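Heads up: the sequence lines are chains P and F, in that order.
Take the first sequence: its letter number 33 is residue 33 in the UniProt record's numbering, and every next letter is one higher.
Take the second sequence: its letter number 118 is residue 118 in the UniProt record's numbering, and every next letter is one higher.
Below is one structure, written out as structure tokens; the observations come after it.
2 protein chains.
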Amino acid sequence: MGHHQLDTLDEQILKLIAENARIPFLEVARACNVSGAAIHQRIQKLTNLGILKGSEFVIDPEKIGYETCAYIGIYLKDPESFDSVTQALQAIPEVVECHFTTGKYDMFIKIYARNNHHLLSVIHDKLQPLGLARTETLISFHEAIKRQMPIIVETEEEEL
Amino acid sequence: MGHHQLDTLDEQILKLIAENARIPFLEVARACNVSGAAIHQRIQKLTNLGILKGSEFVIDPEKIGYETCAYIGIYLKDPESFDSVTQALQAIPEVVECHFTTGKYDMFIKIYARNNHHLLSVIHDKLQPLGLARTETLISFHEAIKRQMPIIVETEEEEL
DNA sequence: CTTGAAAGCCGGTGGTA
DNA sequence: TACCACCGGCTTTCAAG
């Protein structure tokens, strides 16, 4: 599944809406020197292509009571059980990311918990029963950077 | 910096807008059985409290050419250089997260790169010069789960 | 991609409890 | 303080060109 070629207008639009999902489309239109309808059509196109997958409000985890963020490397007892474990992890709301990775771990997940005690209970009561051989936990004291990937459309290089 | 007490209306609003930043406030209002102005005011309150930190469109990294996602554990040469390294990492757009963690690493970051070659060049040309003693890279083949933390307001337990 | 127009929303004001 | 009703101006969305 390769990626699609985006033109300059797509790129401008993505840059503007990526960091502010509630920006009025007309404002985007003015910034891009096109009509509002054009923005509407492009955003629909980008959505249909699966490039835009939705929008989110960004919520400060600490401010709603999630004081502990942790990454956990998982060793499975049965390396065949990826899919069933992934499905089980889906049902644990504290798990916000789940990766299938190279290296020593079979899986690698990110968790938000209310505090260290809550984190321990998630690991002990919810994760271990899934058939894990062992886990390694990495607690984050502080998330210094949290942002989206850069939006840089690789254009065919033009000679100057 | 503890967290604020949210009531049921705040919680309902957060749940609705967290997963869809462009939902009309009036639709939220109808779902919550209050007026549109009430939603408007609550969202402003939540923003002022710092609970809402903005909004984002969710973009599929692969669809815009980022085929490699990796986590990197960093050992610093000089453990005092957190702040300057963090600042330097800010200037590297491929770095999307940066954590200060417990355990063996001094820092832990997440990176999006176009491909393995691009990832290597980021590590070699941009990260190593910052004064790192060593790095450990964990490449993600597949991100099976990617979502926000659960919004569960701890209410004072009410007897039934 | 544009214009144009209808439908509907946003964000403010003032009033009520 | 928190909610509601109301209104002007702007946005969104869908034609058609």
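Where a beta carbon is used, it is the ideal one built from N, C-alpha and C, also for glycine.
Keep in mind that this is a model prediction, so the values were computed, not measured.
Contact with chain P by residue i, beta-carbon distance below 7 Å
i                : result
lysine 146(F)    : yes
arginine 22(F)   : yes
aspartate 10(F)  : no
histidine 142(F) : yes
glycine 131(F)   : no
threonine 135(F) : no
threonine 86(F)  : yes
valine 28(F)     : no
aspartate 78(F)  : no
glycine 36(F)    : no
aspartate 60(F)  : yes
threonine 68(F)  : no
lysine 126(F)    : no
isoleucine 64(F) : yes
isoleucine 51(F) : yes
alanine 18(F)    : yes
isoleucine 92(F) : no
arginine 42(F)   : no
Simplified DSSP state of residue i, which is helix, strand or coil
i                 : result
serine 84(P)      : helix
leucine 130(P)    : helix
isoleucine 13(P)  : helix
serine 35(F)      : coil
lysine 53(P)      : strand
lysine 146(F)     : strand
isoleucine 59(P)  : strand
isoleucine 152(P) : coil
glutamate 27(F)   : helix
alanine 18(P)     : helix
aspartate 125(F)  : helix
Beta-carbon contacts of residue i that lie in its chain and below 7 Å, excluding the five residues immediately before and after
i                    : result
glutamine 148(F)     : Ala18
leucine 132(F)       : Ile74, Tyr75, Leu76 and Lys77
glutamate 94(P)      : Ile111, Tyr112, Ala113 and Val122
phenylalanine 100(F) : Phe82 and Met107
leucine 49(F)        : His4
alanine 29(F)        : Ser35, Gly36, Ala38 and Ile39
residue 168(P)       : This structure does not reach residue 168(P), given that chain P is present from 1 up to 160, and the question cannot be answered.
arginine 134(P)      : Tyr75
leucine 26(P)        : Gly36
asparagine 116(F)    : Thr68
Bridge-paired residues (DSSP) for residue i
i             : result
leucine 6(P)  : For leucine 6(P), which the question treats as bridged, DSSP gives no partner whatsoever.
serine 140(P) : Cys69(P) and Thr101(F)
leucine 76(F) : Leu132(F)
valine 95(P)  : Ile111(P)
Own chain residues within Cβ distance below 6 Å of residue i, not counting five before or after
i                : result
glycine 73(P)    : Tyr105, Phe108 and Glu136
leucine 138(P)   : Tyr71
leucine 52(F)    : Leu46
isoleucine 92(P) : Lys126
Cβ of residue i within 7 Å of any chain F Cβ
i                 : result
glutamate 56(P)   : yes
proline 150(P)    : yes
histidine 99(P)   : yes
arginine 47(P)    : For clarity, residue 47(P) is threonine in the given sequence; the question names arginine instead. Cβ-Cβ to chain F under 7 Å: no for threonine 47(P).
lysine 15(P)      : no
tyrosine 75(P)    : no
isoleucine 123(P) : no
aspartate 106(P)  : no
isoleucine 139(P) : yes
histidine 3(P)    : yes
Whole-Å CB distance - residue i paired with residue j, under 8 Å assumed
i                    : j                : result
glutamate 97(F)      : glutamate 143(P) : 7 Å
alanine 21(F)        : serine 55(F)     : 4 Å
isoleucine 151(P)    : isoleucine 64(F) : 7 Å
threonine 68(P)      : histidine 118(P) : 7 Å
isoleucine 23(F)     : leucine 16(F)    : 6 Å
phenylalanine 141(F) : threonine 8(P)   : With a Cβ gap of about 32 Å, phenylalanine 141(F) and threonine 8(P) do not count as contacting.
Cβ shell of residue i (< 8 Å), same chain only, five flanking positions each side left out
i                : result
leucine 160(P)   : With a pLDDT of 36 at leucine 160(P), under the threshold of 50, the predicted position of this residue should be treated as unreliable, though the coordinate-derived value follows. Within the same chain, leucine 160(P) has no close Cβ partners at all.
isoleucine 43(F) : Ile13, Ile17, Phe25 and Leu52
residue 174(P)   : The structure shown does not extend to residue 174(P), since chain P is modelled only from 1 through 160, so no value can be given for it.
Distance cut-off 6 Å: residue i Cβ against heavy atoms of the ligand SAM
i             : result
alanine 29(P) : Here there are no bound small molecules, and the ligand SAM is not part of this structure.
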